[in-house]
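Going left to right, the sequence shown walks through residues 211 to 580 as my numbering numbers them.
For every residue, glycine included, the Cβ atom is placed at its ideal position computed from N, Cα and C.
Everything below concerns the one structure shown next.
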Amino acid sequence: MKKILFAAMASLALMQVNAQQKFEIKGKISHLKYPAKIYLNYSDDEGRKQDSFEITNGKFNFKGNLPFPRKANLELKQNDGNTDFLTADQQDLFLDKGKITITGDGKIKTALIKGGKAQKDFEVLKAQLKPLEEKMAPLSEKMRQYFKEKNDAARDALFPQLAAIRKDMTQTETDFIKTHPASYVTLSMLKDRSVVVNLPSFEPMYNNLSDELKNTSDGKKMANKLAIARKLQPGQPFINFTLNNTDNKPVNFESLKGKYLLLDFWASWCGPCRAENPNVLKAYNQFKDKNFDVVAVSLDTKKDAWMKAIKEDGMPWTQLSDLMGWKSPVVLEYGIEAIPQNFLLDPQGRIVAQNLRGEELSKRLAEILK
């Protein structure tokens with residue numbers, strides 16, 4: 211009888227997690243310059259959503275449904291002449307069941323937001339991050355200034371300081387994740403980190419989550435990503451696939467074994483990928499006669515754009531694609547959610563390393579191919 215009761219309670223808890231929960235935002239922002247419009251951006255299980263509201267008398271209202279609390283963003287646009295997206299008037303919040311109230315003066319960025327448990331947890335995290343953000347703000351402003359002035363030397367000199375602050379911010383978030391295993395704020399941050407899973411750090415944090423969070427759609431997706439990540443750790447054999455080359459002829463990846471291979475996921479429309487291609491080309495030219503080759507898998511959907519980028523970037527190695535973009539079975543099998551990504555494989559097809567960039571790629575190859 212106890213077992214039956216426990217099973218029933220567990221089933222009820224799961225139903226409650228997956229049930230749609232209604233939220234309502236009621237806002238009042240004074241001293242606006244009209245016309246003024248506010249946008250609510252968030253994601254649900256079907257994808258990204260945007261709602262908007264023409265503000266009158268400083269008041270606005272949003273209603274919606276979500277299966278569980280999720281992070282969202284409010285952006286206010288008013289007739290104040292600001293068109294710079296870098297200084298947009300916006301603030302993040304957590305949509306939770308029940309009423310959310312917002313009050314402010316002239317801006318949404320500084321408005322006071324009161325909501326449910328998730329929003330309260332978010333306020334705790336923001337308070338912990340605030341000293342670091344205050345350090346970051348003047349450096350970010352200088353960065354924007356140097357960018358406009360095209361002062362590359364001054365801009366580059368700021369990178370170490372910014373990187374140090376970002377590292378401290380990441381650690382602060384990690385500490386929050388570890389100490390708040392039942393918070394939907396933790397779930398949201400882990401979802402962001404699951405785009406590229408670092409297994410040694412990510413898995414313990416996921417395992418520490420409450421059962422309620424693990425049973426959400428986001429929690430289940432993370433479990434699937436962990437399963438994929440385990441298959442892609444150093445020492446594991448690569449996942450075989452067949453894709454067409456630029457001549458529309460099928461190439462089985464298994465047939466390319468026998469050399470150290472860099473399996474590189476990229477696309478013509480991906481700026482960071484195009485910026486990284488010269489580094490890959492440098493490594494290719496340096497080690498191509500030492501049992502090393504590159505195989506690229508493109509996430510393009512248009513062959514003309516794919517071929518044009520190959521020619522522009524001067525990439526002589528094997529190029530493969532099914533032109534299905536993010537929906538490619540190969541992309542899904544390898545758990546690719548961001549590019550560029552790469553895997554270095556040994557001649558037996560075992561994974562040696564992942565996501566080697568810039569000089570790090572050449573350095574690692576120099577160690578291996580002595």
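Residue i, buried or exposed, once every other Cβ within 10 Å from all chains shown has been counted against 16
i: W516; result: buried
i: V405; result: exposed
i: K213; result: Any reading at K213 must be qualified, since the residue scores a pLDDT of 43, below 50, and its modelled position is unreliable; the value itself is stated next. Burial call: exposed.
i: Q597; result: Summary: the structure shown does not reach residue 597, with the chain confined to residues 211 through 580, and so no result is reported for it.
i: N462; result: exposed
i: L579; result: exposed
i: A321; result: buried
i: L349; result: exposed
i: F233; result: buried
i: E359; result: exposed
i: N434; result: exposed
i: F216; result: Annotation note: pLDDT 45 at F216 (below 50); position unreliable, no value reported.
i: Y180; result: Outside the modelled stretch of the chain, which goes from 211 to 580, sits residue 180, for which no answer is possible.
i: N487; result: buried
i: T426; result: buried
i: Y244; result: exposed
i: G429; result: buried
i: K388; result: exposed
i: L542; result: exposed
i: K307; result: buried
i: A367; result: exposed
i: K437; result: The question names Lys, yet the displayed sequence has Ala at residue 437. Label assigned to A437: exposed.
i: S531; result: buried
i: E256; result: exposed
Residue i - partner residues in DSSP beta bridges
i: Y494; result: Partner(s): none; Y494 has no beta bridge.
i: Q551; result: F475
i: T311; result: K236 and K324
i: S253; result: R258
i: Y470; result: F502
i: V461; result: L453
i: F272; result: I235
i: I546; result: For I546, which the question treats as bridged, DSSP gives no partner whatsoever.
i: Q300; result: E285
i: K247; result: E264 and K287
i: S508; result: W476
i: P447; result: R560
i: L305; result: R280
Inter-residue spacing [alpha-carbon to alpha-carbon] between residue i and residue j
i: L409; j: R365; result: 33 Å
i: M525; j: D503; result: 12 Å
i: N251; j: L286; result: 11 Å
i: H241; j: T313; result: 12 Å
i: K238; j: K330; result: 20 Å
i: F369; j: G568; result: 16 Å
i: A337; j: F278; result: 24 Å
i: G481; j: Y356; result: 21 Å
i: K518; j: D510; result: 11 Å
i: S538; j: I449; result: 14 Å
i: K424; j: K281; result: 17 Å
i: Q288; j: T396; result: 33 Å
i: K512; j: N458; result: 13 Å
i: F412; j: S398; result: 13 Å
i: F386; j: N283; result: 21 Å
i: Q231; j: F270; result: 21 Å
i: W536; j: A506; result: 15 Å
i: K467; j: L453; result: 15 Å
i: L335; j: I235; result: 21 Å
i: M219; j: P391; result: Note that M219 has pLDDT 49, beneath the 50 cutoff, so the model's placement of it is unreliable and the number below is only indicative. Roughly 21 Å separates the two Cα atoms.
i: Y470; j: A576; result: 12 Å
i: M346; j: D378; result: 11 Å
i: D299; j: A373; result: 25 Å
Residue interval of the alpha helix (DSSP H) (run including residue i)
i: D290; result: Element bounds for D290: n/a, residue is neither H nor E.
i: I265; result: Taken as a continuous stretch (DSSP letters only), I265 belongs to no alpha helix (DSSP H), as it is neither H nor E.
i: G429; result: S427 to K441
i: F278; result: Taken as a continuous stretch (DSSP letters only), F278 belongs to no alpha helix (DSSP H), as it is neither H nor E.
i: D556; result: Element bounds for D556: n/a, residue is neither H nor E.
i: D514; result: K513 to D523
i: D421; result: D421 to K424
For residue i, the first and last residue of its enclosing beta strand (DSSP E)
i: N417; result: It is not in any beta strand (DSSP E) - N417 instead sits in the alpha helix (DSSP H) that spans L409 to N417.
i: G568; result: Looking at the DSSP string, G568 is not in any beta strand (DSSP E); the run it does join, the alpha helix (DSSP H), is G568 to I578.
i: I561; result: I561 to Q564
i: D378; result: Not the beta strand (DSSP E): D378 falls in the alpha helix (DSSP H), residues D362 to T389.
i: T528; result: T528 to L530
i: L400; result: Element bounds for L400: not the beta strand (DSSP E) but the alpha helix (DSSP H), Y394 to R403.
Meets three-Cβ-pair contact criterion under 8 Å: the region 316-329 and the region 340-352 = In the pairwise beta carbon analysis, the region 316-329 is classified as not touching the region 340-352: fewer than three pairs are separated by under 8 Å.
query = With a cut-off of 8 Å, do at least 3 Cβ pairs link the region 472-479 to the region 548-565?
reply = Result yes; three or more Cβ-Cβ pairs closer than 8 Å.
Segment contact, 8 Å Cβ cut-off, at least three pairs: the region 435-444 with the region 486-501 = When Cβ pairs closer than 8 Å are counted between the two stretches, the region 435-444 is seen not to touch the region 486-501, the count staying below three.
query = Within the chosen definition, does the region 553-563 reach the region 477-493 through at least 3 CB pairs nearer than 8 Å?
reply = Output reads no: the region 477-493 does not touch the region 553-563.
At least 3 beta-carbon pairs within less than 8 Å: the region 412-432 vs the region 299-309 = The answer is no - the region 299-309 does not touch the region 412-432, with fewer than three Cβ pairs under 8 Å.
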